[in-house]
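Peer 1: Protein sequences, first through last, are from chains A and B. If you read the first sequence in this note's numbering, its first letter stands for residue 15, the second for the next number, and so on. If you read the second sequence in this note's numbering, its first letter stands for residue 9, the second for the next number, and so on. Where a beta carbon is used, it is the ideal one built from N, C-alpha and C, also for glycine.
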Amino acid sequence: MALCKEWRDFMNEYIYMDNAATTQLNTVVFEEMKKYLLEYCGNPSSIYHLGLQSKQAIDEARLQIGKMLHASNKEIYFTSGGTESNNWAIRGILRNKNMRGKHLITSKIEHKSVLNTFKALEKEGYKATYLDVNKDGTIDLNQLEKSIKEDTVLISIMLANNETGVIQDIKAISKLIKDKEIIFHTDAVQGVGKLDLDVNKLGVDLLSLSAHKFHGPKGIGALYIRKGTDIENILFGGAQERGLRPGTENIASIRGMSKALTLAKKSIDNRNKIIKDLEKYMIDQLKKKFDHIIFNGIAAKRLPGYINIAIKDISNESLLMNLDLEKICVSSGSACTSGSIKQSHVIKAMGLDKSYAVIRFSLNEENTKEEIDYVIEKMKIIINRLS
Amino acid sequence: MSLDKNKVVLGMSGGVDSSVAAYLLKEQGYDVIGVTMKIWQDDSKKIADDGGCCSLSAVEDARMVANKLGIPFYVMDFQEVFQEKVIDLFLDEYGKGRTPNPCIACNRFIKFEELLQRSHDLGAYYVATGHYAKKVYDEENDRYLLKKSKADQKDQTYALFNMTQRQLKHTLFPLGDFTSKEKIRAIADELDLVVADKPDSQEICFVDDDYVDFIKENADYQITKGNFVDTEGKILGQHQGIVSYTIGQRRGLGITFGKPAYVVDINAEKNEVVIGDNKDTFSKGLIARDLNFIPFDRLTEEISVQAKIRYNAQAKPAQLIPLDEDRVKVIFGEVRAVTLGQAVVFYDEENDNIIGGGTIEERID
Numbered sequence: 015m016a017l018c019k020e021w022r023d024f025m026n027e028y029i030y031m032d033n034a035a036t037t038q039l040n041t042v043v044f045e046e047m048k049k050y051l052l053e054y055c056g057n058p059s060s061i062y063h064l065g066l067q068s069k070q071a072i073d074e075a076r077l078q079i080g081k082m083l084h085a086s087n088k089e090i091y092f093t094s095g096g097t098e099s100n101n102w103a104i105r106g107i108l109r110n111k112n113m114r115g116k117h118l119i120t121s122k123i124e125h126k127s128v129l130n131t132f133k134a135l136e137k138e139g140y141k142a143t144y145l146d147v148n149k150d151g152t153i154d155l156n157q158l159e160k161s162i163k164e165d166t167v168l169i170s171i172m173l174a175n176n177e178t179g180v181i182q183d184i185k186a187i188s189k190l191i192k193d194k195e196i197i198f199h200t201d202a203v204q205g206v207g208k209l210d211l212d213v214n215k216l217g218v219d220l221l222s223l224s225a226h227k228f229h230g231p232k233g234i235g236a237l238y239i240r241k242g243t244d245i246e247n248i249l250f251g252g253a254q255e256r257g258l259r260p261g262t263e264n265i266a267s268i269r270g271m272s273k274a275l276t277l278a279k280k281s282i283d284n285r286n287k288i289i290k291d292l293e294k295y296m297i298d299q300l301k302k303k304f305d306h307i308i309f310n311g312i313a314a315k316r317l318p319g320y321i322n323i324a325i326k327d328i329s330n331e332s333l334l335m336n337l338d339l340e341k342i343c344v345s346s347g348s349a350c351t352s353g354s355i356k357q358s359h360v361i362k363a364m365g366l367d368k369s370y371a372v373i374r375f376s377l378n379e380e381n382t383k384e385e386i387d388y389v390i391e392k393m394k395i396i397i398n399r400l401s
Numbered sequence: 009m010s011l012d013k014n015k016v017v018l019g020m021s022g023g024v025d026s027s028v029a030a031y032l033l034k035e036q037g038y039d040v041i042g043v044t045m046k047i048w049q050d051d052s053k054k055i056a057d058d059g060g061c062c063s064l065s066a067v068e069d070a071r072m073v074a075n076k077l078g079i080p081f082y083v084m085d086f087q088e089v090f091q092e093k094v095i096d097l098f099l100d101e102y103g104k105g106r107t108p109n110p111c112i113a114c115n116r117f118i119k120f121e122e123l124l125q126r127s128h129d130l131g132a133y134y135v136a137t138g139h140y141a142k143k144v145y146d147e148e149n150d151r152y153l154l155k156k157s158k159a160d161q162k163d164q165t166y167a168l169f170n171m172t173q174r175q176l177k178h179t180l181f182p183l184g185d186f187t188s189k190e191k192i193r194a195i196a197d198e199l200d201l202v203v204a205d206k207p208d209s210q211e212i213c214f215v216d217d218d219y220v221d222f223i224k225e226n227a228d229y230q231i232t233k234g235n236f237v238d239t240e241g242k243i244l245g246q247h248q249g250i251v252s253y254t255i256g257q258r259r260g261l262g263i264t265f266g267k268p269a270y271v272v273d274i275n276a277e278k279n280e281v282v283i284g285d286n287k288d289t290f291s292k293g294l295i296a297r298d299l300n301f302i303p304f305d306r307l308t309e310e311i312s313v314q315a316k317i318r319y320n321a322q323a324k325p326a327q328l329i330p331l332d333e334d335r336v337k338v339i340f341g342e343v344r345a346v347t348l349g350q351a352v353v354f355y356d357e358e359n360d361n362i363i364g365g366g367t368i369e370e371r372i373d
């Protein structure tokens, strides 16, 4: 069954292989949201029945999302998405006035919402260590261990990378700092819905997620905050989210996220099997059709369907624009404010210089081998023209 | 890989001219790809800037126009090459006491070279711009010619004299036949384009306000005060640094001399600005180098032309005398404020076809 028929119709002439950027809304999720948009219009903070009804709808979603992560409902806080969750996790912890130190650790391959928060904090007087990554995109645990100082108070390491899909050994990091008084945050925006995650096994104190990465709506996310973790507000206002994150709740999106995560989790094994098959097919075909192609992060454990390739001496911009003109949606690094392409900080950290064109394909279960063949055929023509 | 003759990459600055050019090309049946060239160096600094043709808000405007017309749109990054070929040259020239024209360098090295190459990368045969200029093909001589725009006030051929035959072959100027800017604005109005009422862009797109401040912030040389001297070398006072002055300048010298005084020369080596009377600003002619000719490859004999020594100057009759491979003598009889570093551009005697041009190297007194 198609995730969303309307999307399939709309996307008729396009090939979409950019599921790490965002995913289409699942029709079932949309139906759920529609119901809550139209029927649950009471403000959850109102004490009359309509308000209560909305509040209870949120309570249910909170419980459900907690379950999906093996967390308690009391540990789930709704936000506007991954960026807010990451900002809040990091800054909210540091605002605790009992913080004993000013040293923070992260990696060079984090999402900009983590990296730029760290950079802003450095300007405010914090000291930050940005861990290198190995050639395969995994962080070096030895370097992490050596970087921990007396006054290290927070570590933020992503669960899976958005460009390569490379999965970090979060459990090992937790183990490493088990006896230390260090708060551990993971940006799991890419991983949630694609991996069966258990916050207790991961051993993290905070975990960020975002609904639109698993066929939910955009503009809604959550932060898991382990019970007993002292976190302060970064936004101030009403008493919503136990007083920690004010603002009238986005009921329909919260319900949508809950539904999307439930559906994603239910089909996880089945879906990942299909995606891994497609991934293998695509990698084989790419290897067959192109001589000098580098597969970034291929040696590491990765999220299914993430293929990040580098081709030497080709203009990245021209390659992506040509693919777009062929109605193929893939991406490369992150766009800057104007929409032009910058060299990926992730691929740079993995040791490749600017002379490579880098493309990320991120497949989902609705991609087909025919689409893969078509994309490779078009790439062949384009690369010939650009070489 | 063959290029598609129906496909054209249009440089879109977010202004009225290139926006209407997009519409005209589309009407003519071309597959138009809109491109804004990212040439500004600092993302954060330009966000609020509405003036220039290379600001972030210009990207937004161009993007909205592309959306309205239903054409693909991209921002292409030209930062590095623009720095190297336009900004560095601009800074170097001022450092030498000359007055460069960065638009000419941009057309020559960026728009009709780099952008053309990237257009080919996208399979497009043509690059197009919203310049007021007209390209025609002369079948008899198998040459592409460049003619002045019929909108005389807006004609931009002065900044296009460097175009080669290959570049002209692959270029379209959709505004070439328009007789006034008002007609362009009227089309923009009718289409209800967001940019219809935008003012014309400022002179140097990468300079915010004051080019002297830009030089201070970006040049690898120091701007130092020096002497105003008269034509005999007598010290008259102190100037603010040679980059602040241009030949023929009268206003803003920051000092009074008791009579009308003009900048007649800039001596970078001595860090001096030479002041004289109006008559001292006149010369007989000039020598230009770094030449390009459009109806022919090389100038082999003396010819009569109409010549223009700056963007806003009137063309005046002159005699072109070839000196060597890449230098030409231009004799006007009398011409005011010949400025080293500016371009001299030649038109035919009807002042219609552009013959070519070069960079002013020397004055002939």
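What does leucine 294 of chain B touch in chain A if you count any residue whose Cβ is under 7 angstroms from its own?
Peer 2: Correct list: empty, because the minimum Cβ distance to chain A is about 41 angstroms.
Peer 1: Check the Cβ-Cβ distances between leucine 129 of chain A and every residue of chain B, and say whether any is below 8 angstroms.
Peer 2: no
Peer 1: Residues of the region 329 to 345 of chain A with a CB closer than 8 angstroms to any CB of chain B: list them in chain order, please.
Peer 2: Ser329, Glu331, Ser332, Met335, Asn336, Asp338, Leu339
Peer 1: With a threshold of 8 angstroms on Cβ separation, who are the neighbours of glutamate 370 of chain B within its own chain once the five nearest residues in sequence on each side are excluded?
Peer 2: Leu294, Ile295, Leu348
Peer 1: If we cut at 8 angstroms on Cβ distances, does aspartate 129 of chain B have a partner in chain A?
Peer 2: yes
Peer 1: Name the residue from B:Tyr134, B:Tyr319, B:Pro80, B:Arg318 whose alpha carbon lies nearest to the alpha carbon of lysine 13 of chain B.
Peer 2: B:Tyr134
Peer 1: If you count every other CB in all the chains shown that lies within 10 Å of the CB of isoleucine 317 of chain B, and 16 or more means buried, which is it?
Peer 2: buried
Peer 1: Using C-beta distances below 6 angstroms, list every residue in its chain close to leucine 1 of chain A, excluding the 5 sequence neighbours before and after it, in chain order.
Peer 2: This structure cannot speak to residue 1 of chain A, because chain A is shown only from 15 to 401.
Peer 1: Name the chain A residues that come within less than 8 angstroms of lysine 93 of chain B, Cβ to Cβ?
Peer 2: Simply none; closest approach about 17 angstroms.
Peer 1: Starting from arginine 126 of chain B, find everything on chain A with Cβ-Cβ shorter than 8 angstroms and list it in chain order.
Peer 2: Ser329, Glu331, Ser332
Peer 1: Alpha carbon to alpha carbon, how far is lysine 155 of chain B from glutamate 380 of chain A?
Peer 2: 55 angstroms
Peer 1: Give the DSSP bridge partners of alanine 315 of chain B, in chain order.
Peer 2: B:Lys324, B:Phe354
Peer 1: Could you tell me which chain B residues have their CB closer than 8 angstroms to the CB of leucine 400 of chain A, listed as they occur along the chain?
Peer 2: By Cβ distance, chain B contributes Asp129.
Peer 1: Give a yes or no on whether the minimum CB-CB distance between lysine 46 of chain B and chain A is below 8 angstroms.
Peer 2: yes
Peer 1: Please tell me whether valine 271 of chain B has its Cβ less than 8 angstroms away from any Cβ of chain E.
Peer 2: Absent from the structure is chain E; the protein chains it does hold are A and B.
Peer 1: In angstroms, rounded to a whole number, what distance separates the CA positions of isoleucine 248 of chain A and valine 218 of chain A?
Peer 2: 21 angstroms
Peer 1: What does a CB cutoff of less than 6 angstroms around serine 121 of chain A pick up in its chain, not counting 5 residues either side in sequence?
Peer 2: Leu145, Ile153, Ile171
Peer 1: Could you please give the first and the last residue of the uninterrupted beta strand (DSSP E) stretch that includes histidine 247 of chain B?
Peer 2: 243 to 247
Peer 1: Is the shortest distance between the beta-carbon of proline 80 of chain B and the beta-carbons of chain A less than 8 angstroms?
Peer 2: yes
Peer 1: Residue ranges of each alpha helix (DSSP H) run of no fewer than 4 residues wholly in the region 15 to 53 of chain B, ordered along the chain?
Peer 2: 24 to 35
Peer 1: Taking the alpha-carbon of arginine 174 of chain B as reference, which of B:Asn300, B:Asp334, B:Ile339 has the nearest alpha-carbon?
Peer 2: B:Asn300
Peer 1: With 16 other CB atoms within 10 Å as the buried threshold, where does asparagine 33 of chain A fall?
Peer 2: buried
Peer 1: Sort out for me which residues DSSP pairs arginine 344 of chain B with in a bridge.
Peer 2: B:Phe290
Peer 1: Are the CB atoms of phenylalanine 375 of chain A and isoleucine 289 of chain A nearer to each other than 8 angstroms?
Peer 2: no
Peer 1: To test your reading of the DSSP string, which unbroken beta strand (DSSP E) runs of 3 or more residues are found completely within the region 219 to 296 of chain A?
Peer 2: 220 to 224, 235 to 239
Peer 1: Find the nearest neighbour of histidine 306 of chain A within the set A:Gly251, A:Ala371, A:Lys315, judged by alpha-carbon distance.
Peer 2: The option with the nearest alpha carbon to histidine 306 of chain A is A:Ala371.
Peer 1: Scan the region 188 to 263 of chain B and note each continuous alpha helix (DSSP H) run of 4 residues or more that stays entirely inside, going in chain order.
Peer 2: With a minimum length of 4 residues, the continuous alpha helix (DSSP H) runs that stay inside the region 188 to 263 of chain B are 189 to 198, 219 to 226.
Peer 1: Can you grab the Cα-Cα spacing for the pair isoleucine 119 of chain A / lysine 224 of chain B, in whole Å?
Peer 2: The alpha-carbon separation between isoleucine 119 of chain A and lysine 224 of chain B amounts to approximately 39 angstroms.
Peer 1: Cα separation between aspartate 217 of chain B and aspartate 208 of chain B?
Peer 2: CA-to-CA, the gap between aspartate 217 of chain B and aspartate 208 of chain B works out to about 15 angstroms.
Peer 1: If proline 182 of chain B sits next to leucine 33 of chain B, beta carbons under 8 angstroms apart, how far is it from one beta carbon to the other, in whole angstroms?
Peer 2: The Cβ separation is near 5 angstroms, so the contact holds.
Peer 1: Under a three-way DSSP split, which group does cysteine 18 of chain A fall into?
Peer 2: Correct three-state label for cysteine 18 of chain A: coil.
Peer 1: Confirm, please, whether the CB-CB distance from glutamine 157 of chain A to leucine 317 of chain A is below 8 angstroms.
Peer 2: Going by C-beta atoms, leucine 317 of chain A is not nearer than 8 angstroms to glutamine 157 of chain A.
Peer 1: Would you grab the beta carbon distance between glycine 365 of chain A and threonine 178 of chain A for me? Rounded to a whole angstrom, and I think it's under 8 angstroms.
Peer 2: Their Cβ separation, rounded to whole angstroms, is 13 angstroms, which puts glycine 365 of chain A and threonine 178 of chain A out of contact at 8 angstroms.
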